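Q: After the structure tokens below, expect a handful of questions from me.
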Amino acid sequence: VLDFYAKSALVLHDEKNKLGHHFAKRLHKHQREEAREVEPLLMKAALQHGSSKPRMARLFYLDRLYYDKIHGFTKKQYCDSNFQLQKEQPEHWISQSQEIQAYVDCLCVNQRPSLWCDAHHAEPLARLQPKVVQDMQEASRKLNSLLQTGSAVGVPVGLGPCQDADGTPAPFDCSFCVNGDNCISTSGSYSGDVFGSIKELMGTSASCVKGYCTPCKGIKPGDPFQFKLDIGVDVSKCGSTADFLATYNYFAELKLCIGGVLGEASSK
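Listed below in structure tokens is the structure:
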């Protein structure tokens, strides 16, 4: 983070904002208290120089170097996860949020530097914070209440089959997909022309398949945390026998997920 701020300050420094001088003061322990916070100055300077293509190109290059180190994931991973959420859960509050989707468009569609997008969308995103905090506080209250109730009636804390939102046991989930987006699952949901794709698969079409089952165990009571094991097989290329054999892949992946009231809050 320090490297990113230092190099961003150098990119955006001019005689008016004197970012380089402010940053140097922040590094000097005897001048740190009198120095101004660098991040607000960087965001203000990014907006002021937003029309400067050379400066924006250099900030964009800094994203390539430091974005994953700052956030813990790459910019591509962030964008892909948002696009996937919009596709799979269009009714999710994040998919419906104009403020968040405007930020996603800035970062992922328009390919602006993250520092510029952070500055340009800081105010509308800040308005979402109280609601998110309120939802998490409510989730914490529900979880504490659930644990206290379980302790009072003698319900032991341990592992058991997962439950869905209405308390119905959901010990496993299975899915079968053809050509990527044509899927059917044990929940009874389906998308696309699944059966048409299966018919093509049985003919001469180069359809590809992916199937998996996911056993699920949750911590009781309430499933605040769930352990899921994805076990399955996928074939990513099916144009020929060689492609089929080369991309035929077994996989197993253990996941720790947020469930119960915590999962309910995170999905709001």
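Residue numbering for the sequence shown follows my numbering, beginning at 119 and increasing consecutively. No residue lacks a Cβ here, since even glycine has one placed at the ideal position from N, Cα and C. Because the structure is a prediction, the values reported are computed rather than measured.
#1: In the DSSP output, which residue or residues are listed as bridge partners for Leu-225?
#2: Identify the continuous alpha helix (DSSP H) that holds Gln-200 and give its terminal residues.
#3: Determine the direct distance from the alpha carbon of Pro-289 to that of Cys-280, and round the result to whole angstroms.
#4: Out of Ser-126, Lys-373, Asn-297, point me to the one whose CA is closest to Phe-164's CA.
#5: Closer than 8 Å: is that where the CB of Tyr-221 sits relative to any heavy atom of the ligand HEM?
#6: Just to confirm before moving on: does the CB-CB distance between Asp-352 and Lys-328 stay below 9 Å?
#7: With respect to the beta strand (DSSP E) encompassing Val-156, which residues constitute its N-terminal and C-terminal limits?
#8: Let me know if Gln-216 comes out buried or exposed under the rule of 16 or more other beta-carbons within 10 Å of its beta-carbon.
#9: Can you tell me the Cα-Cα spacing of Asp-223 and Met-174, whole angstroms?
#10: Quick one: what does DSSP say Val-119 is sitting in, helix, strand or coil?
#11: Taking the alpha helix (DSSP H) that Leu-233 falls in, what are its first and last residues?
#12: Is it buried or exposed for Pro-287, if we count other Cβ within 10 angstroms and need 16 for buried?
#13: Just to confirm, is the Cβ distance from Asp-349 to Ala-370 under 9 Å?
#14: For the alpha helix (DSSP H) containing Thr-365, list its first residue and its last residue.
#15: Give me the residue from Arg-245, Ser-232, Pro-158, Phe-345 with the minimum Cα distance to Arg-176.
#16: Just to confirm the assignment, what range does the beta strand (DSSP E) spanning Gln-344 have?
#17: Who does Ala-370 pair with in a DSSP beta bridge?
#18: How big is the Cα-Cα spacing for Glu-206 and Asn-297?
#19: What does the alpha-carbon distance come out to for the pair Ile-212 and Lys-171?
#20: In whole angstroms, what separates the C-alpha of Ile-188 from that of Asp-236?
#21: Report buried or exposed for Val-119, applying the criterion of at least 16 other Cβ atoms within 10 angstroms of its Cβ.
#22: According to the neighbour-count rule (16 or more other Cβ atoms, all chains shown, within 10 Å of its Cβ), is Phe-122 buried or exposed?
#23: Inspect the beta-carbon positions of Thr-332 and Cys-295 and report whether they are closer than 9 Å.
#24: So what does DSSP say about Asp-291, is it helix, strand or coil?
A: With the structure as the only source:
#1: For the purposes of this step, residue 225 is taken as residue 107 along the sequence shown, with counting starting at 1. Leu-225 is not bridged to any residue.
#2: One-based indexing of the sequence shown puts residue 200 at position 82. Note on residue identity: the sequence assigns Asn, not Gln, to residue 200. From DSSP, the alpha helix (DSSP H) with Asn-200 extends over 193-206.
#3: Translated into the one-based positions of the sequence shown, residue 280 becomes position 162. Translated into the one-based positions of the sequence shown, residue 289 becomes position 171. So the alpha carbons of these two residues sit roughly 5 Å apart.
#4: The count along the sequence shown starts at 1 and reaches residue 164 at position 46. Sequence inspection shows Ala at residue 164; the Phe mentioned does not correspond to that position. When each option's Cα is compared against that of Ala-164, the closest is Ser-126.
#5: Although the ligand HEM was asked about, the structure shown includes no ligands whatsoever.
#6: Here residue 352 refers to the residue found at position 234 of the sequence shown. Here residue 328 refers to the residue found at position 210 of the sequence shown. Their beta carbons are under 9 Å apart, which means Asp-352 touches Lys-328 by this criterion.
#7: Here residue 156 refers to the residue found at position 38 when the sequence shown is read from its first residue. That residue, Val-156, is in no beta strand (DSSP E); its alpha helix (DSSP H) goes 156-166.
#8: Taking the first residue of the sequence shown as 1, we reach residue 216 at position 98. That one is exposed.
#9: As a first step, residue 223 must be located in the sequence shown, where it is residue number 105. As a first step, residue 174 must be located in the sequence shown, where it is residue number 56. Looking at the two C-alpha atoms, the distance is approximately 17 Å.
#10: Here residue 119 refers to the residue found at position 1 when the sequence shown is read from its first residue. If DSSP states are grouped into helix, strand and coil, Val-119 belongs with coil.
#11: Looking up residue 233 in the sequence shown gives position 115. Note, Leu-233: alpha helix (DSSP H), 232-238.
#12: In the sequence shown, the residue the question calls residue 287 occupies position 169. Exposed, by the Cβ-count rule.
#13: As a working mapping, residue 349 is identified with position 231 in the sequence shown. As a working mapping, residue 370 is identified with position 252 in the sequence shown. Inspection of the sequence shows that residue 349 is occupied by Ile rather than by Asp. Cβ distance < 9 Å, so Ile-349 and Ala-370 count as in contact.
#14: Within the sequence shown, numbered from 1, the residue matching residue 365 stands at position 247. First-last of the alpha helix (DSSP H) with Thr-365: 359-365.
#15: As a working note, residue 176 is residue 58 in the sequence shown. Selected option, being the one with the closest Cα: Ser-232.
#16: In the sequence shown, residue 344 corresponds to position 226, counting from 1. That run of the beta strand (DSSP E) goes 343-353.
#17: The residue given as residue 370 occupies position 252 in the sequence shown. According to DSSP, which records beta bridges pairwise, Ala-370 is partnered with Ile-349.
#18: In the sequence shown, the residue the question calls residue 206 occupies position 88. In the sequence shown, the residue the question calls residue 297 occupies position 179. The alpha-carbon atoms of Glu-206 and Asn-297 are separated by roughly 16 Å.
#19: The count along the sequence shown starts at 1 and reaches residue 212 at position 94. The count along the sequence shown starts at 1 and reaches residue 171 at position 53. Each residue's alpha carbon lies about 31 Å from the other.
#20: Against the sequence shown, residue 188 aligns to sequence position 70. Against the sequence shown, residue 236 aligns to sequence position 118. Answer to the nearest angstrom: the Cα atoms are 13 Å apart.
#21: Residue mapping note: residue 119 aligns to position 1 of the sequence shown, counting from 1. With fewer than 16 Cβ atoms within 10 Å of its Cβ, Val-119 is classed as exposed.
#22: The sequence position of residue 122 within the sequence shown is 4, counting from 1. Burial call: buried.
#23: Locating residue 332 in the sequence shown gives position 214, where the first residue counts as 1. Locating residue 295 in the sequence shown gives position 177, where the first residue counts as 1. The answer is no: Cβ separation not under 9 Å.
#24: Within the sequence shown, the letter at position 173 stands for residue 291. Strand.
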